[in-house]
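Written out below as structure tokens is the structure these notes cover.
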Amino acid sequence: MSAPSRPPPTAPTVDPESGLPAVPTERPRSSLSSFLFITFILFLLTSHNGGSELMAQERYRDALQGFKWTYGNFSEWVEGRESNFTLVKRDERVDAFMNGFFSADSGVELDPETESYYSNVTGYVSAESPESLPPWGSTRPPSPASPSLEPWEPLATQLMANVNLTSAQERLGTYNWSSLDKLAWSLVESRRGLEEGKDEGVVLVHGRIELSNPITGDEMRMNFEGVHFVRNGSFWGLAEQGDIQPDLTLLPSLVPPPYTNITARLVSSELGERIRKVEDSFGRGDEMDQPPSCSYILRADLKKTPHPLRALEYLEEEILNPTGVTTIKPPKIEFGNIVLVSVGCGIGWEVKGEGVRSRVWFRKVTTYAASTALIYLTLLLLLSRQMDRSRTPSALGKLSRWGFLVGSLVDAVVFAGHITFAIVAEGQPSLSLVAPAFLACMLFVNEAQFALLIHQIQAPEDAVTPPPAPPMPTPIPAGGGPGVVAGTLPSVAPAPGGNANERSFLRGYLNHMRTDPQARLWLSLSILVTFIIRTIIYPPLALFLLAGMYASMWVPQIVRSARRGRESGLGMEYVVGTTVGRLAVAFYFLWCPRNVLDVEPRGWVFLLAAFLLVQVLVLYLQQQLGPSFFMPKRWAQVPTYDYHPSIPLPDPEAPEQTLGDCSICMDAILIDPSSRRRSGDEKRRKSSSLQRRKSFSDHRGKSGGEVEAERFGGHGGLLGAVSGNVGRKSYSLAPCHHLFHTECLERWLAIKNICPQCRRPLPPL
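And the structure:
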């Protein structure tokens, strides 16, 4: 069987217009590089430390067994049977030191007919500027600024008498403890305890304590376990830094002696319940390898309310199960004093705080979520109307893509923040927070897509045409021949190219990023979003980034309009609505002192608002006074391309008096008969230019109108000048020297901004 014959080599096709070999069309780029790039970005966003999981599980099981052993011994001790548990002896010096911060009438039972304490304070407590107690260890000598010692300082010296100061200093480290000036305390009361505890007004509480500095970003988080004595409004508890959980078995030795037994029974019941929950779930490891840290003792007292106990209980029941009935006005949850002390480290804080019930906070979060969702729905509608208004390439050419990219980044941060907030809330507010998060995500996607569309339309503006490769002429037979056509250019061999298979994947990927502007834009956007999401966990930096993006919202559009000499193309409805909507969200967090995230008010929010309003005013004045009204005249003149230059007319004896065919409709571009007369007048005007200079002195005594009348009267009058301008505007000559009817070119530029012949970018008409 004969081998299949190879197809004969085809001759290179020749472009009939230029006579050059046709450039082979590029194959569509493979999507493999884009897929790998997206996979890499997702890996960065979702990567985590997943090593040695099996070892962590084994350590977790060992820690759980130790926890069970401790619980067994403690429960045996509570029941009065023999066990290995020994209750830590109560330190009277701690009581004496703590009592120095509280008044004599704090922590006493009230007459339920006239006064009462809140019985359930599940919620959040915040305090400003806690007073940091300086490190103890020795009595501070009196100074001129403070001639006398504080009442607690001699007691602190006695308390630290048996403490190893070297070990305490190691626990303290070099951390700036005095910089923490804000306290946030979340409380959850456990109501599943014994009926005996409920009857005696003793409830276990747990939660978290966070000390922070909003300016520097320093923070310290602690886990809290304690007891709430409802009848006297006092709290006793333990706190541990980091992820370490306080030892509940130490609570009976911490509380006042009359409450030791009931506290021990409540702790035993709570430990058994927690062990059952842990066994049904999967843990993340134990805390045995945690570095040494400071253990804290907390005592706090509620302020009494001027309402009977029955009225306050009725109010609390209405808050938990609303029925719509009228109750007393809810009094504030105020703490007369909160003292947090670490005996082992010799540090402490004293603060007065105010709390808010969790149900009240849930309603506050729901109201915020509904308001924010309404704002973002309005922003989404405004963006949709602006996108409908700017559908044509000529309208998109006026817009700046950077302004929409900045807006999309802001919305990406808002989306990530609301989703994180919803996860942390873990309750009823989570569902309500999904609404603004979803709308922020939709706004981010639409703004990013619109920015990409603007980038695609404006990409030819920044495109640089590479210099053509030097042609390699093929030898022509000396004598010519029938295959050689007279007047045609010699064929040019294509430039030698490298083998595509020899390029590495990385080199091809980099070349793809270098040559594809859309891929570069997606890469930049992905890196920015990844960076912002990674840095949002640091509040000062996140606030700085958001403020910078807010401040530069309309600056790119102002700069583009001034550089291009064209109005912005943004509707004032969109500009004003977007500015007001975004400022409303910014003012809530940066000006309202009781926002849902407890963000500190910032005075510079007014400067931010003023700067944004100035940008809106500049955009409005650019539409009214011109894009470059605020620039000096020597800089305000934007060089624009003249589509109607004076071109030489054809020979008057030619059979067709046309300038050529329109490159769009292919019809002839006819010459206005007056244009030929003006061409002859142009020659006569050039020959008599010297005479006009000599007659300039004769016009010095005449008015400007008389001079203009004489000037146009000698050459067809003012009507002739106007008709000449109109005649020139009947044709349009592109920078690529293709000729069009002006009407045809206007209709074409409403669809695309490239030449229909050579595909080169065209300036605005």
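Under the UniProt record's numbering, the first residue of the sequence shown is numbered 1, with each subsequent residue one higher. Every residue, glycine too, gets a C-beta built ideally from N, C-alpha and C.
**Asked** Taking C-alpha atoms, which residue in L64, S561 and G355 lies nearest to L271?
**Response** Here the question's residue 271 lines up with position 271 in the sequence shown. L271 has its Cα closest to that of L64, out of L64, S561 and G355.
**Asked** With respect to the beta strand (DSSP E) encompassing W185, which residues constitute its N-terminal and C-terminal limits?
**Response** In the sequence shown, counting from the first residue as 1, residue 185 sits at position 185. The continuous beta strand (DSSP E) containing W185 extends over residues K182 to S190.
**Prompt:** Per DSSP, A668 forms a beta bridge with which residues?
**Reply:** Counting from one through the sequence shown, the residue named residue 668 turns up at place 668. A668 is bridged to D661.
**Item:** Where C592 falls, given that 16 or more other Cβ within 10 Å makes a residue buried
**Value:** Position 592 of the sequence shown holds residue 592. When all chains shown are included, C592 counts as exposed.
**Request:** Please report how far the alpha carbon of L298 lies from the alpha carbon of L583, in whole angstroms.
**Result:** The residue given as residue 298 occupies position 298 in the sequence shown. The residue given as residue 583 occupies position 583 in the sequence shown. Cα to Cα, the separation comes out at about 41 angstroms.
**Request:** Label L84 either buried or exposed according to how many other C-beta atoms from any shown protein chain fall within 10 Å of its C-beta, with 16 as the threshold for buried.
**Result:** Numbered from 1 along the sequence shown, position 84 holds the residue referred to as residue 84. Note that residue 84 is Asn in the sequence shown here, rather than Leu. Flag for N84 reads exposed.
**Prompt:** What whole-angstrom Cβ distance do L612 and Y550 have, given they're in contact under 8 angstroms?
**Reply:** Locating residue 612 in the sequence shown gives position 612, counting from the first residue. Locating residue 550 in the sequence shown gives position 550, counting from the first residue. In this structure L612 touches Y550 by the C-beta definition: roughly 7 angstroms separates them, less than 8 angstroms.
**Prompt:** Is the region 358–377 touching the region 201–211, taking contact as three or more C-beta pairs under 8 angstroms?
**Reply:** Flag = no, the region 358–377 and the region 201–211 do not touch.
**Same chain only: Cβ atoms within 7 angstroms of L87, ignoring 5 sequence neighbours per side** = The residue labelled residue 87 in the question sits at position 87 within the sequence shown. Taken in chain order, the residues that qualify are P252 and S253.
**Request:** Tell me, to the nearest whole angstrom, how far the beta carbon of D218 is from that of N176; I am working on the premise that it is less than 8 angstroms.
**Result:** Translated into the one-based positions of the sequence shown, residue 218 becomes position 218. Translated into the one-based positions of the sequence shown, residue 176 becomes position 176. Confirmed, Cβ separation roughly 7 angstroms.
**Request:** Could you tell me if S179 is buried or exposed, where buried requires 16 or more neighbouring beta carbons within 10 angstroms of its beta carbon?
**Result:** Counting from 1 along the sequence shown, the entry for residue 179 is found at position 179. The residue in question, S179, is exposed, as its Cβ has fewer than 16 Cβ neighbours within 10 Å.
**Asked** Considering only C-alpha positions, which residue in the set G403, R93 and R208 is nearest to A161?
**Response** For the purposes of this step, residue 161 is taken as residue 161 along the sequence shown, with counting starting at 1. Taking only the C-alpha atoms, the option nearest A161 is R93.
**Item:** Residue from V585, E567 and G603 whose Cα sits closest to the Cα of Q624
**Value:** Locating residue 624 in the sequence shown gives position 624, counting from the first residue. Looking at the Cα atoms, E567 is the closest of the given residues.
**Message:** At a threshold of 7 angstroms, does Q624 count as lining the ligand GTP (C-beta to nearest heavy atom)?
**Reply:** With respect to small molecules bound, the structure shown includes none, and the ligand GTP cannot be examined in it.
**Asked** Between which two residues does the alpha helix (DSSP H) containing H418 stretch?
**Response** Along the sequence shown, one-based indexing puts residue 418 at 418. Here the alpha helix (DSSP H) through H418 covers R401 to A425.
**Message:** So that I know if they touch, is there some Cβ in chain B lying closer than 8 angstroms to that of S358?
**Reply:** Judged by its chain identifiers, the structure shown contains no chain B, having just a single protein chain.
**Asked** Using CA coordinates, which residue listed in T326, V360 and E350 is at the minimum distance from K332?
**Response** Locating residue 332 in the sequence shown gives position 332, where the first residue counts as 1. Looking at the Cα atoms, V360 is the closest of the given residues.
**Message:** Looking only at its chain, what residues have a beta carbon closer than 7 angstroms to the beta carbon of K683, apart from the 5 residues adjacent to it on each side?
**Reply:** Taking the sequence shown and counting its residues from 1, the one referred to as residue 683 is at position 683. Residue placement at K683 cannot be trusted, given a pLDDT of 45 that sits under 50; the coordinates are not used to answer.
**Asked** Mapping DSSP to helix, strand and coil, what is T515?
**Response** Looking up residue 515 in the sequence shown gives position 515. If DSSP states are grouped into helix, strand and coil, T515 belongs with the helices.
**Prompt:** Hey, how far is the Cα of S390 from the Cα of I457?
**Reply:** Within the sequence shown, numbered from 1, the residue matching residue 390 stands at position 390. Within the sequence shown, numbered from 1, the residue matching residue 457 stands at position 457. If you take the alpha carbons of S390 and I457, they lie about 12 angstroms apart.
**Message:** Taking only three categories from DSSP, how would you classify W152?
**Reply:** What you label residue 152 is simply residue 152 of the sequence shown in a count that begins at 1. Note: W152 maps to coil in three-state DSSP.
**Item:** Opposing strand residues paired with W591 [DSSP bridges]
**Value:** Working through the sequence shown from its first residue, we reach residue 591 at position 591. Beta bridge pairing from DSSP links W591 with no other residue.
**Message:** Once the 5 residues before and after V585 are set aside, which same chain residues still bring their CB inside 8 angstroms of it?
**Reply:** Residue mapping note: residue 585 aligns to position 585 of the sequence shown, counting from 1. Excluding its 5 nearest sequence neighbours in each direction, V585 has C-beta neighbours in its own chain below 8 angstroms: T372, I375 and V414, listed in chain order.
**Item:** Pair within 8 angstroms by beta-carbon distance, S400 and E447
**Value:** The residue you call residue 400 lines up with position 400 of the sequence shown. The residue you call residue 447 lines up with position 447 of the sequence shown. It is not a contact, given that the beta carbons lie outside the stated cut-off.
**Prompt:** How many Å lie between L431 and S116 at the Cα?
**Reply:** Along the sequence shown, one-based indexing puts residue 431 at 431. Along the sequence shown, one-based indexing puts residue 116 at 116. Cα-Cα distance, rounded: 35 angstroms.
**Prompt:** Taking the beta strand (DSSP E) that D95 falls in, what are its first and last residues?
**Reply:** Stepping through the sequence shown from its first residue, residue 95 is reached at position 95. Counting along the chain, D95 falls outside any beta strand (DSSP E), though it belongs to the alpha helix (DSSP H) covering E92 to N99.
**Request:** Enumerate in chain order the residues of its own chain whose CB-to-CB distance from C755 is below 7 angstroms, with the five nearest sequence positions on each side excluded.
**Result:** One-based indexing of the sequence shown puts residue 755 at position 755. Excluding sequence positions up to five before and after C755, its CB lies within less than 7 angstroms of the CB of A734, C736, H738 and L762, all in the same chain and listed in chain order.
**Prompt:** When you compare each of S190, E225, S268 and E189 to E76 by their alpha carbons, which one comes out closest?
**Reply:** Here residue 76 is taken as the residue at index 76 of the sequence shown, counted from 1. The alpha carbon of E76 has as its nearest neighbour, out of S190, E225, S268 and E189, the alpha carbon of S268.
**Prompt:** Between A369 and P322, is the Cβ-Cβ spacing less than 8 angstroms?
**Reply:** Within the sequence shown, numbered from 1, the residue matching residue 369 stands at position 369. Within the sequence shown, numbered from 1, the residue matching residue 322 stands at position 322. No. Outside cutoff.
**Prompt:** Between the C-alpha atoms of I671 and Y643, what's the straight-line distance to the nearest angstrom?
**Reply:** Within the sequence shown, numbered from 1, the residue matching residue 671 stands at position 671. Within the sequence shown, numbered from 1, the residue matching residue 643 stands at position 643. Cα to Cα, I671 sits roughly 16 angstroms from Y643.
**Request:** From the DSSP output, in three-state form, read off P4 for me.
**Result:** The residue labelled residue 4 in the question sits at position 4 within the sequence shown. Note that P4 has pLDDT 48, beneath the 50 cutoff, so the model's placement of it is unreliable and the number below is only indicative. Coil at P4, not helix or strand.
**Message:** I believe L312 touches F335 by the beta-carbon criterion, under 8 angstroms. Please report the beta-carbon distance rounded to the nearest angstrom.
**Reply:** Taking the first residue of the sequence shown as position 1, residue 312 is located at position 312. Taking the first residue of the sequence shown as position 1, residue 335 is located at position 335. Going by Cβ atoms, the distance from L312 to F335 rounds to 16 angstroms, so no, they are not a contact pair.
**Request:** Please go through the same chain and pick out, in chain order, the residues whose beta-carbon is closer than 6 angstroms to the beta-carbon of W185, but skip the five residues on each side of it.
**Result:** As a position in the sequence shown, residue 185 is number 185, starting the count at 1. If the five residues before and after W185 are omitted, its C-beta is found closer than 6 angstroms to the C-beta atoms of V125 and I209, all from its own chain and listed in chain order.
**Prompt:** Where does K752 fall in DSSP's three states?
**Reply:** For this step, residue 752 is matched to residue 752 along the sequence shown. K752: coil per DSSP, three-state reduction.
**Message:** Tell me the residue span of the beta strand (DSSP E) that contains Q241.
**Reply:** The count along the sequence shown starts at 1 and reaches residue 241 at position 241. Start and end: S234 to Q241.
**Item:** Alpha carbon of R747 to alpha carbon of A416, nearest angstrom
**Value:** Working through the sequence shown from its first residue, we reach residue 747 at position 747. Working through the sequence shown from its first residue, we reach residue 416 at position 416. Their Cα atoms are separated by approximately 44 angstroms.
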